[in-house]
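Have a look at the structure below, then the notes.
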Amino acid sequence: MHLVYPLVLAVLLFGIGLYGVIARRNAILVLMSIELMLNAVNINLVAFDMYLRDTLHAGQALTLFVITIAAAEIGLGLAIVLMVFRNRATTDIPELRELAEHKEGSV
Amino acid sequence: MSMSTAATATLAVTKVDAPTIEYGKLSPILIIAGVAVVGVLIEAFLPRPARYRAQLTVALVGMIAAFGAVVWLARDLPDDHRGSVTAMGAVAVDGPSLFLQGTLLLIGIASVLLIGERRLEPAGGDAFAPQAAAAPGSQQEKDAAAAGWTQTEVYPLTMFSLVGMLLFPAANDLLMMFVALEILSLPLYLLCGLARRHRLLSQEAALKYFLLGAFSSAFFLFGVAMLYGYSGSVSLDKIGVASAGAMDNDALLLIGLAMVAVGLLFKVGAVPFHSWTPDVYQGAPTPITGFMAAATKVAAFGAMMRFFYVALPGMRWDWRPVMIGVAIVTMVAGAIIAITQTDVKRLLAYSSIAHAGFILTGMIAMSDAGVSSTMFYLVAYGFVTLGAFAVVTLVRDARGEATHLSHWAGLGRRSPLVAGVFALFLLAFAGIPLTSGFSGKFAVFQAAARGGAGSLVVVGVLCSAVAAFFYVRVIVLMFFSEPKVDGPTVVVPSVMTTAAIALGVAVTVVLGILPQPVLDLADKAALFVH
Numbered sequence: 065m066h067l068v069y070p071l072v073l074a075v076l077l078f079g080i081g082l083y084g085v086i087a088r089r090n091a092i093l094v095l096m097s098i099e100l101m102l103n104a105v106n107i108n109l110v111a112f113d114m115y116l117r118d119t120l121h122a123g124q125a126l127t128l129f130v131i132t133i134a135a136a137e138i139g140l141g142l143a144i145v146l147m148v149f150r151n152r153a154t155t156d157i158p159e160l161r162e163l164a165e166h167k168e169g170s171v
Numbered sequence: 008m009s010m011s012t013a014a015t016a017t018l019a020v021t022k023v024d025a026p027t028i029e030y031g032k033l034s035p036i037l038i039i040a041g042v043a044v045v046g047v048l049i050e051a052f053l054p055r056p057a058r059y060r061a062q063l064t065v066a067l068v069g070m071i072a073a074f075g076a077v078v079w080l081a082r083d084l085p086d087d088h089r090g091s092v093t094a095m096g097a098v099a100v101d102g103p104s105l106f107l108q109g110t111l112l113l114i115g116i117a118s119v120l121l122i123g124e125r126r127l128e129p130a131g132g133d134a135f136a137p138q139a140a141a142a143p144g145s146q147q148e149k150d151a152a153a154a155g156w157t158q159t160e161v162y163p164l165t166m167f168s169l170v171g172m173l174l175f176p177a178a179n180d181l182l183m184m185f186v187a188l189e190i191l192s193l194p195l196y197l198l199c200g201l202a203r204r205h206r207l208l209s210q211e212a213a214l215k216y217f218l219l220g221a222f223s224s225a226f227f228l229f230g231v232a233m234l235y236g237y238s239g240s241v242s243l244d245k246i247g248v249a250s251a252g253a254m255d256n257d258a259l260l261l262i263g264l265a266m267v268a269v270g271l272l273f274k275v276g277a278v279p280f281h282s283w284t285p286d287v288y289q290g291a292p293t294p295i296t297g298f299m300a301a302a303t304k305v306a307a308f309g310a311m312m313r314f315f316y317v318a319l320p321g322m323r324w325d326w327r328p329v330m331i332g333v334a335i336v337t338m339v340a341g342a343i344i345a346i347t348q349t350d351v352k353r354l355l356a357y358s359s360i361a362h363a364g365f366i367l368t369g370m371i372a373m374s375d376a377g378v379s380s381t382m383f384y385l386v387a388y389g390f391v392t393l394g395a396f397a398v399v400t401l402v403r404d405a406r407g408e409a410t411h412l413s414h415w416a417g418l419g420r421r422s423p424l425v426a427g428v429f430a431l432f433l434l435a436f437a438g439i440p441l442t443s444g445f446s447g448k449f450a451v452f453q454a455a456a457r458g459g460a461g462s463l464v465v466v467g468v469l470c471s472a473v474a475a476f477f478y479v480r481v482i483v484l485m486f487f488s489e490p491k492v493d494g495p496t497v498v499v500p501s502v503m504t505t506a507a508i509a510l511g512v513a514v515t516v517v518l519g520i521l522p523q524p525v526l527d528l529a530d531k532a533a534l535f536v537h
């Protein structure tokens with residue numbers, strides 16, 4: 065298989081994730097978009113690993129690390145989102161405006 | 008992708024020798040990792056009232072031991088000050104990593120002293136929520152507060168974060184760098200959301216920091232994948248060898264370089280990746296803000312220097328113009344937006360953005376002088392920042408810390424000592440002679456000028472002048488305006504916060520008057536191992 069196919073797929077996935085992070089309002093969907101971006105990276109790494117015939121398989125090893133750390137990250141992220149949701153009954157990011165430039169001396 | 012490929016791969020794997028790890032050379036990192044694990048065990052097995060003392064003792068003793076290990080390793084460096092790589096090339100033990108690890112451990116000790124402070128809240132307790140999972144104002148939270156509960160988990164979390172920070176500037180391959188970046192960041196996201204006062208602000212800060220942090224680490228990783236695809240290795244040395252011969256514009260290399268740089272610039276809070284900084288600095292519990300502002304910057308600049316100096320020295324004509332642009336925008340934006348701020352913590356946040364620009368100036372010099380001046384600046388900046396945020400924790404009214412600048416009016420008349428110390432820190436931020444800020448700025452500008460980035464120096468000096476304006480404005484406000492009747496009071500802290508502030512003052516003054524010993528030390532430590 066040519067290297068370009070997985071790379072294009074990865075770039076597309078990364079692009080969709082990027083769009084999701086920027087355009088989505090809901091924190092959970094933003095989290096999902098970030099996961100998409102990380103998985104795009106995983107595809108890249110595995111594709112490069114196979115293409116380069118890396119005997120040490122650094123790419124696949126890195127992929128395992130990414131999967132593990134992404135799992136930890138999402139667990140932590142959901143905990144924070146849950147905490148915010150319980151206090152405000154919303155996870156819409158644009159509504160989280162207590163900390164923003166325009167507010168004169170928010171306390 | 009056939010069976011035969013798989014078979015060859017298996018055969019190849021069996022030939023790989025078992026990895027060797029020099030535990031002695033990793034001892035500072037391993038000690039702090041051990042401390043963090045012991046901290047978790049303390050949470051599990053000790054009764055609640057005994058945890059605070061145990062956590063504090065273990066953390067402080069561990070950090071002092073790790074600092075001793077750093078000094079021991081630094082004495083063991085060979086005479087030509089070249090370090091070595093350990094753990095199969097994954098971690099570098101050389102001048103810059105030991106210098107920055109020592110700095111990080113000292114900052115860590117001062118931060119834990121601030122985190123452990125329990126005299127400031129009138130109702131008792133520290134700066135953290137009695138029970139972070141309980142909703143603000145709920146019965147559950149009141150019960151937890153009445154029972155005198157505290158989240159002593161903050162100590163192991165801080166230690167885990169410190170492990171990542173110690174590893175980050177020492178990481179000699181991109182995998183290790185990514186793991187260190189995440190170990191550093193994940194506990195910090197949580198710590199940001201644990202403030203006792205202004206819980207909603209704090210949680211919002213945690214969410215924003217988390218989302219943007221995860222977003223930037225995705226960029227970092229994508230860049231790592233590209234560099235791996237280009238060079239066939241994640242080791243910085245091998246990427247350096249592969250990129251040294253890059254004559255044509257190789258897309259993989261350039262994309263990888265750019266995206267890893269985005270991830271690193273985000274961590275140091277450089278424009279245009281700075282938008283999280285003021286929000287997070289304002290919302291996070293102030294001791295954590297101090298720790299984050301000082302230590303994250305030291306670790307991230309260390310990693311950034313290693314990345315650019317070891318992996319991409321051959322690409323300097325490609326990345327230098329861009330980084331010069333970033334440095335200029337960072338200095339200008341940080342200095343100008345800071346003028347309009349009305350909140351002390353936000354003001355310090357924008358000031359930290361401007362300082363990220365100054366530190367980048369030193370890094371761009373691409374010389375040993377650049378490395379040593381950057382490291383000196385990081386020491387100077389780290390202790391001033393920590394001290395400044397420590398002072399912020401002391402000025403309080405009924406609602407907690409009085410961070411609005413109007414509350415600080417006339418503080419100099421009410422408590423000249425605290426206002427005087429804060430004024431000293433502001434002068435150091437501004438880079439007034441006889442403070443550490445001046446020595447640091449002088450060193451980085453000199454290195455940048457010699458490195459051929461004269462334009463950067465001109466912008467840097469102009470921005471320092473603009474920045475001096477708003478620092479002096481705060482000093483004028485503190486000393487030359489009438490105190491408000493219902494203004495905040497300065498709470499007398501315990502010996503721990505006093506010690507942290509005293510350390511900040513001492514470093515600021517000593518590095519201002521006698522910078523030479525530390526400059527010499529940084530000079531000796533300026534060689535990256537290849």
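Top to bottom, those sequences are chains A and B.
The first sequence begins at 65 in this note's numbering and counts up one residue at a time.
The second sequence begins at 8 in this note's numbering and counts up one residue at a time.
Glycine included, every Cβ here is placed at the ideal spot set by N, Cα and C.
Starting from the Cα of G341(B), find the closest Cα among M370(B), W326(B) and S358(B) and give me that residue. As a working note, residue 341(B) is residue 334 in the second sequence. For the residues M370(B), W326(B) and S358(B), the minimum Cα distance to G341(B) belongs to S358(B).
N90(A) bridges to which residues according to DSSP? As a working mapping, residue 90(A) is identified with position 26 in the first sequence. DSSP lists D156(A) as partners of N90(A).
According to the neighbour-count rule (16 or more other Cβ atoms, all chains shown, within 10 Å of its Cβ), is R161(A) buried or exposed? As a working mapping, residue 161(A) is identified with position 97 in the first sequence. Classification of R161(A): exposed, given that the 10 Å Cβ count is below 16.
From C470(B), T505(B) and L112(B), pick the residue whose C-alpha is nearest to that of I75(B); which is it? In the second sequence, the residue the question calls residue 75(B) occupies position 68. Correcting the residue identity first, residue 75(B) is Gly in this sequence and not Ile. Minimum Cα distance to G75(B) is reached at L112(B).
Taking Cβ-Cβ distances below 9 Å as the criterion, which residues of the segment 286 to 301 of chain B are in contact with chain A? D286, V287, Q289 and G290
Alpha helix (DSSP H) containing A177(B): first to last residue? If you number the second sequence from 1, residue 177(B) lands on position 170. Where A177(B) is concerned, there is no enclosing alpha helix (DSSP H), given that its DSSP letter is neither H nor E.
Cβ pair count under 8 Å reaching 3, the segment 298 to 310 of chain B against the segment 227 to 238 of chain B: no
The beta strand (DSSP E) spanning T93(B) covers which residue range? On the second sequence, position 86 is the one that residue 93(B) refers to. Per DSSP, T93(B) belongs to the beta strand (DSSP E) from S91 to T93.
Within 10 angstroms of its Cβ, does H66(A) collect 16 or more other Cβ (buried), or is it exposed? Residue numbering aside, residue 66(A) sits at position 2 when the first sequence is read from its first letter. So H66(A) counts as exposed.
Sequence-distant residues of the same chain with beta carbon closer than 6 Å to L174(B), five excluded per side: Taking the first residue of the second sequence as 1, we reach residue 174(B) at position 167. Within the same chain, L174(B) has close Cβ partners I36 and A187.
Is V94(A) close to chain B? Criterion is C-beta to C-beta, closer than 7 Å. If you number the first sequence from 1, residue 94(A) lands on position 30. Closer than 7 Å: yes.
Whole runs of the alpha helix (DSSP H) within the segment 341 to 412 of chain B, excluding any shorter than 4 residues: 351 to 371 and 375 to 401
I'd like to know whether the C-beta atoms of A454(B) and G377(B) end up nearer to each other than 7 Å. Counting from one through the second sequence, the residue named residue 454(B) turns up at place 447. Counting from one through the second sequence, the residue named residue 377(B) turns up at place 370. In this structure, G377(B) lies closer than 7 Å to A454(B) by Cβ.
Integer Cβ distance of A122(A) from S240(B), believed to fall under 8 Å: Taking the first sequence and counting its residues from 1, the one referred to as residue 122(A) is at position 58. Taking the second sequence and counting its residues from 1, the one referred to as residue 240(B) is at position 233. Indeed, because the Cβ distance is near 6 Å, the residues count as touching under 8 Å.
Let's see if you can read the secondary structure: which residues bound the beta strand (DSSP E) around A99(B)? For the purposes of this step, residue 99(B) is identified with residue 92 of the second sequence, where counting begins at 1. Looking at the DSSP string, the run of the beta strand (DSSP E) that includes A99(B) is V98 to V100.
Any beta-carbon of chain A closer than 7 Å to the one on E408(B)? Indexing the second sequence from 1 puts residue 408(B) at position 401. By this cut-off, E408(B) is not an interface position.
Give the residues of chain B in contact with G84(A), contact being defined as C-beta atoms less than 9 Å apart. Sequence index remark: in the first sequence, residue 84(A) carries index 20 (1-based). Within 9 Å Cβ-Cβ: nothing; G84(A) doesn't reach chain B, min ~10 Å.
For G263(B), does the count of other Cβ atoms within 10 angstroms reach 16, so buried, or fall short, so exposed? The residue given as residue 263(B) occupies position 256 in the second sequence. Label assigned to G263(B): buried.
Whether G447(B) touches Y384(B) by CB criterion (7 Å): Here residue 447(B) corresponds to residue number 440 of the second sequence, with the count starting at 1. Here residue 384(B) corresponds to residue number 377 of the second sequence, with the count starting at 1. Yes, the pair counts as a contact, with Cβ atoms nearer than the cut-off.
If you run the structure through DSSP and keep just helix, strand and coil, what is V465(B)? Along the second sequence, one-based indexing puts residue 465(B) at 458. In the structure shown, V465(B) sits in a helix (DSSP, three-state: H, G or I).
If I follow the unbroken alpha helix (DSSP H) through D150(B), where does it start and stop? Here residue 150(B) refers to the residue found at position 143 when the second sequence is read from its first residue. Where D150(B) is concerned, the enclosing alpha helix (DSSP H) stretches over Q146 to A153.
Where V497(B) falls: helix, strand or coil (DSSP): Position 490 of the second sequence, counted from the start, is the residue given in the question as residue 497(B). Looking at V497(B) - three-state DSSP - the assignment turns out to be strand.
Pairs of beta-carbons, one from the segment 464 to 476 of chain B and one from the segment 328 to 343 of chain B, closer than 8 Å: are there three or more? yes
Near S413(B), what residues of its chain come up, given a Cβ to Cβ distance below 8 Å and the 5 sequence neighbours on each side ignored? One-based indexing of the second sequence puts residue 413(B) at position 406. Counting only Cβ-Cβ distances below 8 Å, and skipping sequence neighbours, we find T349 and K491.
A117(B) to A253(B), Cα distance in whole Å? Residue 117(B) sits at position 110 when you count from the first residue of the second sequence. Residue 253(B) sits at position 246 when you count from the first residue of the second sequence. So the two alpha carbons sit approximately 45 Å from each other.
Suppose the cutoff is 6 Å on Cβ atoms and the five residues either side in sequence are ignored; what does the same chain contact list for G438(B) look like? Here residue 438(B) refers to the residue found at position 431 of the second sequence. G444, F445, K448 and S471, listed in sequence order.
Neighbourhood of M382(B) by C-beta distance below 6 Å, restricted to the same chain and skipping five residues each side: If you number the second sequence from 1, residue 382(B) lands on position 375. Excluding sequence neighbours, M382(B) sits near F106 and A529.
Can you look up S104(B) in the DSSP assignment and give me helix, strand or coil? To locate residue 104(B), count along the second sequence from 1; it is residue 97. Correct three-state label for S104(B): helix.
So, for A178(B): in the same chain, excluding its five sequence neighbours on each side, which residues have a beta-carbon less than 6 Å away from its beta-carbon? For the purposes of this step, residue 178(B) is taken as residue 171 along the second sequence, with counting starting at 1. Contacts found: M184 and A187.
With DSSP as the reference, label F535(B) as helix, strand or coil. Taking the first residue of the second sequence as position 1, residue 535(B) is located at position 528. In this structure, F535(B) counts as coil in the three-state DSSP scheme.
Can you give me the C-alpha to C-alpha distance between T157(B) and R60(B), rounded to a whole angstrom? Within the second sequence, residue 157(B) is the residue found at index 150, counting from 1. Within the second sequence, residue 60(B) is the residue found at index 53, counting from 1. So the two alpha carbons sit approximately 12 Å from each other.
Give a yes or no on whether the minimum CB-CB distance between F217(B) and chain A is below 7 Å. Start at 1 with the first residue of the second sequence, and residue 217(B) comes out as number 210. So, interface residue.
Taking all protein chains shown into account, decide if I49(B) is buried (16 or more other Cβ within 10 angstroms of its Cβ) or exposed. Residue 49(B) sits at position 42 when you count from the first residue of the second sequence. Buried, because 16 or more other Cβ atoms sit within 10 Å of the Cβ of I49(B).
Roughly how many angstroms separate the alpha carbons of V275(B) and I344(B), rounded to a whole number? Looking up residue 275(B) in the second sequence gives position 268. Looking up residue 344(B) in the second sequence gives position 337. For V275(B) and I344(B), the distance between alpha carbons rounds to 17 Å.
Chain B beta carbons: is any one of them nearer than 7 Å to that of A135(A)? Numbered from 1 along the first sequence, position 71 holds the residue referred to as residue 135(A). Under the Cβ distance rule, A135(A) does not count among the residues neighbouring chain B, no pair being separated by less than 7 Å.
By the criterion of Cβ-Cβ separation under 8 Å, what are the contact partners of D156(A) in chain B? Within the first sequence, the letter at position 92 stands for residue 156(A). Residues of chain B passing the Cβ test: none, with the nearest at roughly 11 Å.
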